[in-house]
Structures are given as structure tokens and as C-alpha cells.
Amino acid sequence: MSTTQKPAPPAAAPESARRVDGLQRFLAGEGFVLALIVVYVLAVSPFANGLLTERNAVNVLSNLWPLAIIVIGQSFVLILGGIDLSQTAVISVANTFGALFIAQAFAPALFSDTVFWGSVIGEEGGALSDAGLGGTVLAIVLTVAAGCLIGLLNGCAVAVLRMPPFMVTLGTMLLFGAVAIWMTRSENVTSLPPEYLAIGSTQGGGVASFLTLSMGVAVVVAIGAHYVLSRTTYGAWLYAAGTNRRTAVVSGVPHTRMVISAYVISAGLAALGSVLYSSRLGAGRPTLGDDMLLDVIGAAIIGGISLFGGKGSVLGAFLGALFFVILSNSLNLMNLPFHVVWVVKGLVIVAAALLDVGRNRLIGGRR
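Sequential numbering from 68 applies to the sequence shown in the numbering used here.
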């Protein structure tokens, strides 16, 4: 007499595996960064007086837009498996260089001994100071072009001469940081035209304080970068080269061109971000980028752009920048001593590096 075996109940393993996979995706994705921002704001808001006010929100966003652009530029290099320490020097030299052309007056006592006196600048202003809006646009183009040239130098040194990215960009950071100070003898370039100042303006109140030209520039850059990274062959090549250089080269990825272009994009966006910063501050500052390196690298890593290459997204870069802007803002609102602020930021950087290692182990190589 035969008996019919009942089918075994479905195993619970697939459901458990899906939960683990979902947790891994959350920890490796932008949702984790967003949750981190919300938790941090809720935790520190009782101690940071004014953190959740409208006025402070305008201040946070005005600092977010240029930093986000710079972090997005850094992301291109990090995804490729490199690093660009020279972004801070690009910020300093580019914003000062552009401001020299459009400043409407220079004090001879301060600037007559500078290298550009009598050619680019004079007592009546810069070479483009009388050109109106067109002169401002041209000065911004020159600013970004100066940044791209530095990026081209970095890219060629890394890709053609096979020099280590860390050493190359550390050297250019020191070199061009000194050039920024040398151009103006460490003097700020003020008396900038209203067309330039309007870029970083948050005047108007209400919605107008949030919907600024800086926001428009940052959003356009973010959308463009997202499209390039997620929808183009260039983006696929960038991730492939960052994941496994040897395999990518064998597969036909033009690695040399990828490296050079990534560093040009990084420096070009750093220069563009410097325009937003200097227009908001109302001056070209030769030391503008000196303290930004921790924020840029930390924001990129917190946002999920891996130091090991091959991973990251524009949304993650944006959220990472937002976290670091809120972090800096809240620490200032708590009136903490300067050295304490740097200790906290240093600890966050270390935590970000540990997070990057943990993410890579969790996701097992998934982008």
C-alpha cells in the first residue's frame, strides 16, 4: 500500500535572505544617510539653539549648494579609485583669480605690488569691471577654466606619468594654495559687482530666500552628474575602472582618458563651487578653501562614495554634504571651542572611514 508524502513546508530561508539583503541595501544606500541626518538633527536640536528656525535653514542651504557641487566633483575621482586633495587649493586660487577681473576698485596701497597690477587690475578695477553682466559671465568662465587646467595637470600626472594620486594632489594643493596667496599678497578682493553678488544672495525673505541662483546652479550640476554617471557609457566606464582597473582596460575602457577627465571634472566643479562661496561672502578670498578638505572628503564618504572606488551616487554625495553642513552649523550654534569642533569633525571622519569599510564588507562588492 503506497502512501502519498505531503510536501514539505516552504523554507523560511528565502524570507530571511530577503530581509538581510534589504538591510544591506539600506546600509549601503542613500536611505541610511537620510536617516542619519534626521536622527542627528533630533538629537542635537535641544542643545543647538535656533537649529530648526527658518533663518538657520536659509543659512544651512546657502552653505549646502557650493559644498554639494564640490563633493560631486570629488565623487568622480573617488568612484574611479583616486582622490583629489587639491580641490581646496583650486577653490582658493580660482575664486581669487576670477574676482580680480571684475572687482570695481583696488587700493594701490594693498595691491600695487601684486603681479597683476597694471595689466589685469588697476586702481579703477579689474579688466572686466566695466563689462556688466557679460564681464561677470566671462569671469566665471575664466574661474572654471583655471580650475580645469589644474585638474588637467593632476590627471596627466596620475594617468600618463603613473604618479600616486595622493602625492600628486597633495603637491598641487600646497603649490596652488601658495599661488592663491601670492596673487594678492593674501589680501581679499572686494568691491565685486552686483551681478556677481546676486549669485549667492539670499535676500527677499520667505520662499525667495530658499530659491536662489546658487540652488539653481547646484541642482543643474547634480542632475547633469546623475545623468552622466547612471545613463551614459562614460559613467559605466568610470564605475568599471574603479571596481577593477585591469579588467576594465582589458574590456576596452580608455583608462587614461577616464582618469584625466575625472580630475578635470573634480577641479572644474571645485572652481564653480568657489564662485558660489565667494559671491555669498562678497569677496575673492585666497584662503577660502583652506579648511574645507575634511568636509569634502567626509561628506563624500558619509554619502556612500567608497574610498576603494567603484561605488557612489550623486544623491549620496548631496546628502553627505547636507550632513556635514548641518554638523558644522550645529557645532557653531552650540558655541563649542574651535579645537572641540575639529575634534568632533575628526572623529566623524574616522567613523566615516569605518562605515566605508563596513559597507564594503556587507554588500560584498555590490555597487
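Every residue, glycine too, gets a C-beta built ideally from N, C-alpha and C. From a predicted model like this one, the values you see are computed outputs, not experimental measurements.
Per DSSP, which residues does Val256 bridge with? Please list them.
-> Val256 is bridged to Gly351.
To which residues of the same chain is Leu296 closer than 6 Å at the C-beta, ignoring the five residues directly before and after it?
-> So the list reads Gly302, once near-sequence residues are dropped.
Cutoff 7 Å; reference Ala79; Cβ partners in own chain excluding five residues on either side = Unreliable placement is indicated for Ala79, whose pLDDT of 49 sits below 50; the coordinate value is still reported in the next sentence. The answer is none, since no qualifying residue turns up.
Three-state secondary structure assigned by DSSP to Gly192 = In the three-state reduction of the DSSP assignment, Gly192 falls in the strand class, which pools E and B.
Residues in its own chain within less than 6 Å of Gly340 by CB, not counting five upstream and five downstream?
-> Around Gly340: Pro133, Ile136 and Ile137.
What separation, rounded to the nearest whole angstrom, lies between the Cα atoms of Arg433 and Ile146?
-> In this prediction, Arg433 scores a pLDDT of 47, lower than 50, which makes its location untrustworthy; the coordinate-derived value is nonetheless stated afterwards. Arg433 and Ile146: Cα-Cα distance of roughly 13 Å.
Residue closest to Thr300, alpha-carbon to alpha-carbon, out of Leu118, Ala315 and Ala289 | The candidate whose alpha carbon is nearest that of Thr300 is Ala315.
Apply the 10 Å Cβ neighbour rule to Phe405 and answer buried if 16 or more other Cβ atoms are within range, or exposed otherwise.
-> Exposed, because fewer than 16 other Cβ atoms sit within 10 Å of the Cβ of Phe405.
Rounded to the nearest angstrom, how far is the Cβ of Phe391 from that of Ala366, given a contact under 8 Å?
-> Right, their Cβ atoms sit about 4 Å apart.
Would you mind working out which of Ser276, Leu382 and Ser268 sits nearest Arg122, comparing C-alpha positions?
-> Ranking Ser276, Leu382 and Ser268 by Cα distance to Arg122 puts Ser276 first.
Pull up the DSSP beta-bridge partners for Trp184, would you.
-> Ile188.
Where the alpha helix (DSSP H) containing Val435 begins and where it ends | Absent from the model: residue 435. The displayed extent of the chain is 68 to 434, so no value can be given.
Does DSSP put Asp423 in a helix, a strand or coil?
-> Asp423 sits in a helix when the DSSP states are folded into three classes.
Nearest to Gly30 (by Cα), restricted to the options Leu259, Asp357, Gly149 and Gly165 = For residue 30 there is no data in the structure shown, the boundaries of the chain being 68 and 434.
Cβ neighbours of Ile368 in the same chain (closer than 6 Å, five flanking residues each side left out) = Excluding positions up to five away in sequence, the list reads Ala419 and Asp423.
Residue range of the unbroken alpha helix (DSSP H) whose run includes Phe391 = Annotation for Phe391: the continuous alpha helix (DSSP H) segment containing it runs Val381 to Leu400.
Ignore the nearest five residues each way along the sequence and tell me which others in Ser240's own chain have a CB closer than 7 Å to its CB.
-> Note that residue 240 is Met in the sequence shown here, rather than Ser. Correct list, in chain order: Leu152, Ser153, Thr155 and Ala156.
Cβ-Cβ distance between Val187 and Ala194 below 8 Å | At a Cβ-Cβ threshold of 8 Å, Val187 and Ala194 count as neighbours.
Met68, buried or exposed, once every other Cβ within 10 Å from all chains shown has been counted against 16 | Residue placement at Met68 is poorly supported in this model, since its pLDDT is 47, which falls under 50; the coordinates still yield a value, given next. Per the 10 Å Cβ criterion, exposed.
Hey, is Val363 close to the ligand FAD, as in C-beta under 7 Å from one of its heavy atoms?
-> Within the structure as shown, the ligand FAD is missing, as the structure has no ligands at all.
Are three or more beta carbon pairs between the stretch 167-174 and the stretch 321-332 nearer than 8 Å?
-> With the cut-off at 8 Å, the stretch 167-174 and the stretch 321-332 do not touch.
Do you know whose CA, among Ala350, Val108 and Asn427, lies nearest Gly444's CA?
-> There is no way to answer for residue 444, as the model of the chain reaches only from 68 to 434.
Just reading off the alpha helix (DSSP H) that Ile372 is part of, what are its end residues?
-> Here Ile372 belongs to no alpha helix (DSSP H), and DSSP marks it neither H nor E.
Where does Gln141 land, buried or exposed, given buried means 16+ other C-beta within 10 angstroms?
-> Burial is judged here by how many other beta carbons sit within 10 angstroms of a residue's own beta carbon; Gln141 has at least 16 and is buried.
Report the rounded CA-to-CA distance for Leu400 versus Pro353, giving the unit in angstroms.
-> Their Cα atoms are separated by approximately 26 Å.
State yes or no: is the C-beta of Ser129 within less than 8 Å of the C-beta of Leu355?
-> Contact annotation: Ser129 and Leu355 have beta-carbon atoms that are not nearer than 8 Å.
Cα separation between Tyr263 and Ser196?
-> When rounded, the separation of the alpha-carbon atoms in Tyr263 and Ser196 is 11 Å.
Is the distance from the Cβ of Val211 to the Cβ of Ala388 below 8 Å?
-> Cβ atoms of Val211 and Ala388: not closer than 8 Å.
If Glu97 sits next to Leu382, beta carbons under 8 Å apart, how far is it from one beta carbon to the other, in whole angstroms?
-> Indeed they touch by this definition, with Cβ atoms about 5 Å apart.
Whole-angstrom distance between Asn396 and Leu118, CA atom to CA atom = Straight-line spacing of the CA atoms in Leu118 and Asn396 works out to 8 Å.
Can you tell me the Cβ-Cβ gap for Leu167 and Phe143, rounded? I've got them flagged as a contact below 8 Å.
-> Phe143 and Leu167 do not touch by the CB rule: their CB atoms are close to 28 Å apart, not below 8 Å.
Kindly indicate which residue of Leu131, Ile372 and Val100 has the alpha-carbon position closest to the one of Met359.
-> Leu131 is the residue among Leu131, Ile372 and Val100 whose C-alpha sits nearest the C-alpha of Met359.
Should Ser253 be flagged as near chain B, meaning a C-beta pair shorter than 8 Å?
-> The structure shown contains no chain B; it holds only a single protein chain.
CA-to-CA distance, Gly371 to Gly222, given in whole angstroms | The alpha-carbon separation between Gly222 and Gly371 amounts to approximately 23 Å.
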